[in-house]
Amino acid sequence: MREHTEKLNPPRALWVPFELGRPVGAPGEPAFQRRVIEAALGLLAAPSGPVLESFPEDAPGGVSDDHSGWVCPVNLAPPPAAAEAAGASAVLVEVDQLRPWYQLGREQRGRTTVGVSGLGIEAAVELLAAYLDDPSIASPRDGLSLAQALKFAAEDVKAWYLEAATARPGPARSAALTDWFWRETAAGALLLRVASACCRSDVAGLKALGEKSLVPRSHASLLA
Amino acid sequence: MVRLNDLPDTDARHLRTKECPPFDSEPWVTGPPLAERRVAIVTSAGLHRRDDRSFDMRDTGYRVIDGTLSADALVMTHSSSNFDRTGFQQDVNVVFPIDRLREMAAAGEIGSVARFHYSVMGAGWLPHEIEPTAAELAGLLKEDAVNAVLLSPV
Chain A
0 MREHTEKLNP
10 PRALWVPFEL
20 GRPVGAPGEP
30 AFQRRVIEAA
40 LGLLAAPSGP
50 VLESFPEDAP
60 GGVSDDHSGW
70 VCPVNLAPPP
80 AAAEAAGASA
90 VLVEVDQLRP
100 WYQLGREQRG
110 RTTVGVSGLG
120 IEAAVELLAA
130 YLDDPSIASP
140 RDGLSLAQAL
150 KFAAEDVKAW
160 YLEAATARPG
170 PARSAALTDW
180 FWRETAAGAL
190 LLRVASACCR
200 SDVAGLKALG
210 EKSLVPRSHA
220 SLLA
Chain B
0 MVRLNDLPDT
10 DARHLRTKEC
20 PPFDSEPWVT
30 GPPLAERRVA
40 IVTSAGLHRR
50 DDRSFDMRDT
60 GYRVIDGTLS
70 ADALVMTHSS
80 SNFDRTGFQQ
90 DVNVVFPIDR
100 LREMAAAGEI
110 GSVARFHYSV
120 MGAGWLPHEI
130 EPTAAELAGL
140 LKEDAVNAVL
150 LSPV
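The listed protein sequences derive, respectively, from chains A and B.
First residue of the first sequence: 0, per numbering that gives the first Met the number 0; consecutive thereafter.
First residue of the second sequence: 0, per numbering that gives the first Met the number 0; consecutive thereafter.
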């Protein structure tokens, strides 16, 4: 944020009008990314400072909260009528429906960001559902607290869905993707239930996870 | 960075309350032309090698990213759920522009790309909390003869 940078007053800073999480602008836009980097490193030539400059271009692809032109690559079943119905089985059905697009995206990009939990995608889903059944379950990994294991399982599930959703050609703006995940998928409903359960926990790490690190602030109103 | 006005109200309100203590001084150094600089990336995106330690929820440590790693070796374990990850999922250069630096080095725009780059998990630390890590990283960067650092926040 420009406002924060003005207060901190670092020696050299380039303000960019891109959404949080995209400091270099937009994926798959090497020429644009190059201009951003050149502008940032160009500040090294300033004879005196502090210097706070503004990058003059918006990121390619338009504003992030424009939901037009994007549809989910798969016609998923309607979201469960009651959030309580969104257990592991409904999520695993969606995972299977999205699998071809996830695999295609993985092949196209030569990489995946899924895997931080160290669990397979099915095991990640099942861990999240198991916590709802029994909040006293043990972490499935040595050296990882249950809160961390739930966090990384949730990140793997989100990454699976979003990598699948962005594999299809066409615009895929982050706000629309986020809305889709949290409002229209059984996985989003499951994570909302896990977050609510964590909020009720007496374990500080789990409580902090539920309150701050599972559901984005923009969708916290969906929490029960 | 981003426009506060572009954010959902809940995010904008939260970010407006962030404490931003100014630095005590205004250090200023100059150096050789960009074409003679050795450039490293330091990102607060919580990136690390897939087989490296994940970032804990309150983790002021750093992770080393070898400059020769391919993109598929990098994952993100940042604790925040309040920033976009789909850009990173599609293209690592959105937060870690290593390919752009390699291109600039090949074109002679920068002198060279550092051997090592570094990642921290920038979740609301105040400057004094992360300062010991920053001081250690500065020493490591000097050992690699780095004289320009691109800071990439999320």
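C-beta atoms are modelled at their ideal positions from N, C-alpha and C, and glycine is treated no differently.
From a predicted model like this one, the values you see are computed outputs, not experimental measurements.
- Task: Select from A/Gly209, A/Arg182, A/Ala128 the residue whose C-alpha is nearest the C-alpha of A/Ala194.
- Result: Counted from its first residue, the first sequence places residue 194 of chain A at position 195. Of A/Gly209, A/Arg182, A/Ala128, the residue nearest in Cα terms is A/Gly209.
| request: For chain A, find out if any of its Cβ atoms is closer than 8 Å to the Cβ of B/Pro131; answer yes or no. | output: Taking the second sequence and counting its residues from 1, one reaches residue 131 of chain B at position 132. Output row for B/Pro131: interface = no.
Verify whether the separation of the beta carbon atoms of A/Pro139 and A/Ala153 is less than 8 Å. To locate residue 139 of chain A, count along the first sequence from 1; it is residue 140. To locate residue 153 of chain A, count along the first sequence from 1; it is residue 154. At the C-beta level, A/Pro139 and A/Ala153 stay beyond 8 Å of one another.
**Item:** Within 8 Å, strictly: CB atoms of B/Ala144 and B/Arg36
**Value:** Counting from 1 along the second sequence, the entry for residue 144 of chain B is found at position 145. Counting from 1 along the second sequence, the entry for residue 36 of chain B is found at position 37. The answer is no: Cβ separation not under 8 Å.
- Query: Considering only the beta carbon of each residue, do A/Leu75 and A/Gln96 sit closer than 8 Å?
  - Reply: Here residue 75 of chain A corresponds to residue number 76 of the first sequence, with the count starting at 1. Here residue 96 of chain A corresponds to residue number 97 of the first sequence, with the count starting at 1. In this structure, the beta-carbon distance from A/Leu75 to A/Gln96 falls below 8 Å.
query = Going by alpha carbons, who is nearest to A/Phe54 out of A/Pro46, A/Val70, A/Glu37, A/Gly20?
reply = As a first step, residue 54 of chain A must be located in the first sequence, where it is residue number 55. Sorting A/Pro46, A/Val70, A/Glu37, A/Gly20 by C-alpha distance to the C-alpha of A/Phe54 places A/Glu37 at the top.
Review point. Looking at chain A, which residues of the segment 11-24 of chain B have a Cβ within less than 8 Å of any of its Cβ atoms?
Key: Those residues of the segment 11-24 of chain B that come within reach of chain A (Cβ to Cβ, closer than 8 Å) are His13, Leu14, Arg15, Lys17, Cys19, Pro20, Pro21, Phe22.
Buried versus exposed, by CB contacts within 10 Å (16 or more), B/Pro21
Position 22 of the second sequence, counting from 1, holds the residue named residue 21 of chain B. Exposed is the label assigned to B/Pro21, since fewer than 16 other Cβ atoms lie within 10 Å of its Cβ.
*In terms of DSSP beta bridges, what is A/Tyr160 paired with?*
Walking along the first sequence from the start, residue 160 of chain A turns up at place 161. DSSP output for A/Tyr160 lists no bridge partner at all.
Practice prompt. Look up B/Thr9 in the DSSP assignment and say whether it is helix, strand or coil.
Written response: As a position in the second sequence, residue 9 of chain B is number 10, starting the count at 1. The DSSP-derived three-state label of B/Thr9 is helix.
Near B/Ser118, what residues of its chain come up, given a Cβ to Cβ distance below 7 Å and the 5 sequence neighbours on each side ignored?
-> Within the second sequence, residue 118 of chain B is the residue found at index 119, counting from 1. So the list reads Thr42, Ala44, Gly45, Leu46, His47, Tyr61, Arg62, Ile64, once near-sequence residues are dropped.
(message) Below 7 Å, is the gap between the Cβ of B/Asp83 and the nearest heavy atom of the ligand PLP?
(response) The ligand PLP is absent from the structure shown, which contains no ligand whatsoever.
Which whole-angstrom value describes the C-beta separation of A/Pro59 and A/Phe31, a residue pair presumed to lie in contact below a C-beta threshold of 8 Å? Position 60 of the first sequence holds residue 59 of chain A. Position 32 of the first sequence holds residue 31 of chain A. Right, the Cβ-Cβ distance comes to about 6 Å (below 8 Å), so this counts as a contact.
So for A/Ala224, helix, strand or coil by DSSP? The requested residue 224 of chain A does not occur in the structure, where chain A is confined to residues 0 to 223.
- So is A/Leu7 in contact with chain B if we call contact Cβ pairs under 8 Å? Numbered from 1 along the first sequence, position 8 holds the residue referred to as residue 7 of chain A. Judged by the 8 Å Cβ criterion, A/Leu7 is in contact with chain B.
- Hey, quick one: how far does the alpha helix (DSSP H) through A/Leu213 stretch, first residue to last? Translated into the one-based positions of the first sequence, residue 213 of chain A becomes position 214. According to the DSSP assignment, A/Leu213 belongs to no alpha helix (DSSP H), since it is labelled neither H nor E.
*asked:* Within the continuous alpha helix (DSSP H) that includes A/His3, where are the two ends?
replied: Here residue 3 of chain A corresponds to residue number 4 of the first sequence, with the count starting at 1. Taken as a continuous stretch (DSSP letters only), the alpha helix (DSSP H) holding A/His3 covers 1-7.
Proximal residues of chain B, C-beta to C-beta of A/Phe151 below 8 Å: Locating residue 151 of chain A in the first sequence gives position 152, where the first residue counts as 1. Annotation: Cβ neighbours of A/Phe151 in chain B (cutoff 8 Å, chain order): Ser53, Thr76.
Helix, strand or coil at B/Thr42 according to DSSP, with G and I counted as helix = Start at 1 with the first residue of the second sequence, and residue 42 of chain B comes out as number 43. DSSP places B/Thr42 in strand when its eight states are reduced to three.
ask   = Which whole-angstrom value describes the C-beta separation of A/Leu191 and A/Val156, a residue pair presumed to lie in contact below a C-beta threshold of 8 Å?
value = Taking the first sequence and counting its residues from 1, one reaches residue 191 of chain A at position 192. Taking the first sequence and counting its residues from 1, one reaches residue 156 of chain A at position 157. No, A/Leu191 and A/Val156 are not in contact; Cβ-Cβ is about 12 Å, not under 8 Å.
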